[in-house]
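In the working numbering, the protein residues as written are -2 to 407.
Following this line, the structure appears as structure tokens:
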């Protein structure tokens, strides 16, 4: 009698600095159609929980994938990598909350999606992050609020809160310019990939050309120096008449399977993710789980004997910082003060109390704001926090900040 059993395979954990528990329930995973076919072939079960995407795979009596037959003659007893090393589990990350970008420090770009994977090579401590490493702080660089950098040689991430030119790493200690964050990795603009949802992509060249040599390359699954080196089909050459040279070159994609490719036209190249399904605006990003990783790779979920070693991949989102603005009803309201440890300072500008620096949006309310009046015989404690469902803009120190607003009845 065969005893069939499933065991944990891989998990994708979603964290968010906005939530007190750090657990983010506003992102769900939807496997792509080709991924579901792979799951079915491997007898792999999956489920979205409150803040995770979990998978379980059918195993044999040794704890390896069930398709591996321990009774077979080596090397036929271990066939998972042989048959699946060039397979990719493609997952769509969808937002469950249409206000997700309001309270999350992300800046989605039109025509791009966030891209995460288990080849991110961004292990920090014991955490296997699926986002790329954040760029190190660089001297003589202009930074704007919301930009995140890594302190060189550390796992410490800082977020700029003012527009400024940073002259030295020591600037990160200046709390009027930077705020430290709690995690060692977050999604940034470097995690976004250009997407094409139609059967044609237009690659812009720096100048018009009379001849365009077009080539498409797929991922090579090289475990040491991965890249896009596998030619897909034959090169295409387009010629243009004299006086009709072109700088916008159309490239046909409709014959490709959904996935990431490198497109080159002459000496210009772009990495593009082709997938018609990405027209869905609720899709925040894509995550790809690769099967070719060698056992020594910390992201690999099979050891050298092809025994399952469950992995947890993490995506952590930063909370958005915005100015808080309270508009008073009349001149009786004199000052707004934070009496707690956060000690947020507010300036009175005309009839507006405006925070002097952006404040992180959080699930837990700041309950230590006190509004004082003239005459001083009354004051309002635990002033409510402004909502984030509708953000405006407010110019401060030469920069247009996002602003959360509240109108007071005083």
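Heads up, the beta-carbon is just placed ideally off N, CA and C, and yes, glycines get one too.
Please name the residue in the options whose C-alpha comes closest to that of residue i.
i           : options               : result
residue 267 : 39, 63, 182 and 212   : 212
residue 61  : 196, 74, 110 and 310  : 74
residue 314 : 1, 9, 3 and 15        : 15
residue 283 : 231, 109, 56 and 70   : 109
residue 173 : 356, 367, 363 and 402 : 356
residue 115 : 367, 102, 129 and 105 : 129
residue 306 : 59, 194 and 22        : 59
residue 415 : 276, 317 and 98       : No answer is possible for residue 415: it lies beyond the span of the chain, which begins at -2 and ends at 407.
residue 102 : 127, 143 and 67       : 143
residue 21  : 332, 91 and 69        : 91
Please state the DSSP three-state secondary structure of residue i.
i           : result
residue 166 : helix
residue 5   : strand
residue 353 : coil
residue 394 : coil
residue -2  : Summary for residue -2: the model assigns pLDDT 41, below 50, so the residue's position carries little reliability; its value from the coordinates is reported in the next sentence. Coil at residue -2, not helix or strand.
residue 200 : strand
residue 310 : strand
residue 205 : strand
residue 358 : coil
residue 88  : strand
residue 127 : coil
residue 275 : helix
residue 188 : helix
residue 240 : coil
Note the first and the last residue of the continuous beta strand (DSSP E) segment covering residue i.
i           : result
residue 63  : Run containing residue 63: none; DSSP gives neither H nor E here.
residue 262 : 256 to 262
residue 318 : 318 to 324
residue 335 : 330 to 335
residue 247 : 243 to 249
residue 292 : First-last for residue 292: undefined, no H or E at that position.
residue 109 : 109 to 114
residue 304 : Note, residue 304: premise wrong, no beta strand (DSSP E); not H, not E.
residue 369 : 366 to 370
The alpha helix (DSSP H) spanning residue i covers which residue range?
i           : result
residue 30  : 30 to 38
residue 183 : Careful: residue 183 lies outside any alpha helix (DSSP H) and carries neither H nor E.
residue 78  : 77 to 81
Less than 8 Å between the CB of residue i and some heavy atom of the ligand COA, yes or no?
i           : result
residue 280 : This structure lacks the ligand COA; in fact it carries no ligand of any kind.
Residue i and residue j: beta carbons closer than 9 Å?
i           : j           : result
residue 377 : residue 351 : no
residue 273 : residue 238 : no
residue 431 : residue 124 : Residue 431 falls outside the range modelled here, since the chain spans only -2 to 407, and no answer is possible.
residue 271 : residue 198 : yes
residue 28  : residue 87  : yes
residue 190 : residue 111 : yes
residue 404 : residue 323 : yes
residue 412 : residue 398 : Coverage of the chain is limited to positions -2 through 407, which leaves residue 412 absent and any answer about it impossible.
residue 127 : residue 113 : yes
residue 385 : residue 330 : no
Checklist entry - Does the pairing of the stretch 143 to 163 with the stretch 175 to 195 give three or more beta-carbon distances under 8 Å? => result yes
Quiz item: Are at least three pairs of beta-carbons, each pair with one atom in the stretch 278 to 287 and one in the stretch 77 to 89, less than 8 Å apart?
Solution: yes
query = Can at least three beta-carbon pairs, one atom from the stretch 251 to 258 and one from the stretch 4 to 22, be found at a separation below 8 Å?
reply = no
| request: Examine the Cβ distances between the stretch 45 to 65 and the stretch 117 to 137 and report whether three or more of them are shorter than 8 Å. | output: no
Can you find at least 3 beta carbon pairs, one from the stretch 223 to 242 and one from the stretch 296 to 311, that sit closer than 8 Å? no
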